[in-house]
Amino acid sequence: MYGAVALKHVLRFALASIILQQTFVPEAASAESGSAFSHDLLDTVLRKYVDAQGQVDYAGIARDRQDLDAYVDSIARVSLDSHPHRFETRLHELAYWINAYNGLVLHSVVDAYPITSVADLGGLDGFFQIRPHILGGDSLSLDRVENEIIRTRYGDARIHFAGNCGAVSCPALDRRAYVGKDLIDHLERQTRRFAADDQHLEWRSPTLHVSKLLEWYRQDFTGPDRSDPQLIAFLRRYVPEDLAPVLEQVQHIQFFDYDWALNDQALQKAGAGRNGAPER
1 MYGAVALKHV
11 LRFALASIIL
21 QQTFVPEAAS
31 AESGSAFSHD
41 LLDTVLRKYV
51 DAQGQVDYAG
61 IARDRQDLDA
71 YVDSIARVSL
81 DSHPHRFETR
91 LHELAYWINA
101 YNGLVLHSVV
111 DAYPITSVAD
121 LGGLDGFFQI
131 RPHILGGDSL
141 SLDRVENEII
151 RTRYGDARIH
161 FAGNCGAVSC
171 PALDRRAYVG
181 KDLIDHLERQ
191 TRRFAADDQH
201 LEWRSPTLHV
211 SKLLEWYRQD
221 FTGPDRSDPQ
231 LIAFLRRYVP
241 EDLAPVLEQV
251 QHIQFFDYDW
261 ALNDQALQKA
271 GAGRNGAPER
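Those letters in the sequence shown? Residues 1 to 280, by this note's numbering.
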């Protein structure tokens, strides 16, 4: 997915990973009680600082970051791999990994704010592939969380509309954290929200223009044949009713350029975004 990473980024982030692991503090004994893992701290952050369009008030979080810091501390101590008894079902497991991904993106941006793109943090390769994060005592990159864990273990294409990478072209960040008990409904809502947004899917006869995500991860949506008809079949289940008949007329599929400008409320108010930021 990414190009070669400069050696200096590899060395720098490898050293950071070693430091993180050496300073890692084991989870407090109270967390060993077997209680379900809570995402309430992240939920509080999302409800306070994400708007209805999925844009983030990063400046606000930076001024009031204790809940986000505490959440990142909690996932550093606990993951499915370190404390499996804290996760009742596979849905609770998946909710953890999605929330962890979203929380770590927010935390990384807030740590460096103000910035205009996650690409400012060591390039896209550095941000997604190399930058280390501690989850349950293990050092993982965002790329490993997404591709080795979320996609590989759970195999649900709808997760692509739940994880948010901090960019304007990403599916909108929801204002609520994911929880196991209603995860299926939440993923359905997010997928329909994505399919109803003309920034991600737009019909201009005879061509259907769709998000680059559907090209990058095409096989997740189509299965092994990777065909346009299979991609359209997936979308047909989620587009608004008035658009569903139009999908029968599609002759071509084109993919939008991906805008890596930060999904920052302040930047959007200033008119930034949709500016041809570098693609992955």
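Don't be surprised by glycine CBs; every beta carbon is placed ideally from N, CA and C. No experiment lies behind these values; they were computed from the predicted model shown.
| Query | Result |
| --- | --- |
| Same chain, Cβ closer than 7 Å to Thr191, neighbours up to 5 away in sequence not counted | Arg158, Phe161, Tyr238 |
| Beta-carbon proximity list for Val179, same chain, < 7 Å, skipping 5 on both sides | His39, Ala95 |
| Segment limits, alpha helix (DSSP H) that includes Arg343 | Summary: the structure shown does not reach residue 343, with the chain confined to residues 1 through 280, and so no result is reported for it. |
| Nearest to Leu231 (by Cα), restricted to the options Asp138, Lys181, Leu41, Ala195 | Ala195 |
| Through-space distance from Leu68 to Val335, alpha-carbon basis | As shown, the chain starts at 1 and ends at 280. That puts residue 335 outside it, with no answer to give. |
| Cβ-based burial, Gln22 [other Cβ within 10 Å; buried from 16] | Bear in mind that a pLDDT of 42 at Gln22, under 50, signals an unreliable position, so the number given afterwards is only what the model happens to contain. Answer is exposed; the Cβ neighbour count stays below 16. |
| Reduced DSSP category for Ile61 - H, G, I as helix; E, B as strand; rest coil | helix |
| For Leu262, the three-state DSSP class (helix, strand or coil) | strand |
| 3 or more residues per run - each beta strand (DSSP E) lying fully within the segment 228 to 260 | 252 to 255 |
| Residue closest to Ser205, alpha-carbon to alpha-carbon, out of Leu214, Val118, Gln254, Arg236 | Gln254 |
| Beta-carbon proximity list for His252, same chain, < 8 Å, skipping 5 on both sides | Pro206, Thr207, Leu208 |
| 8 Å Cβ cutoff met for Trp216 and Ala119 | no |
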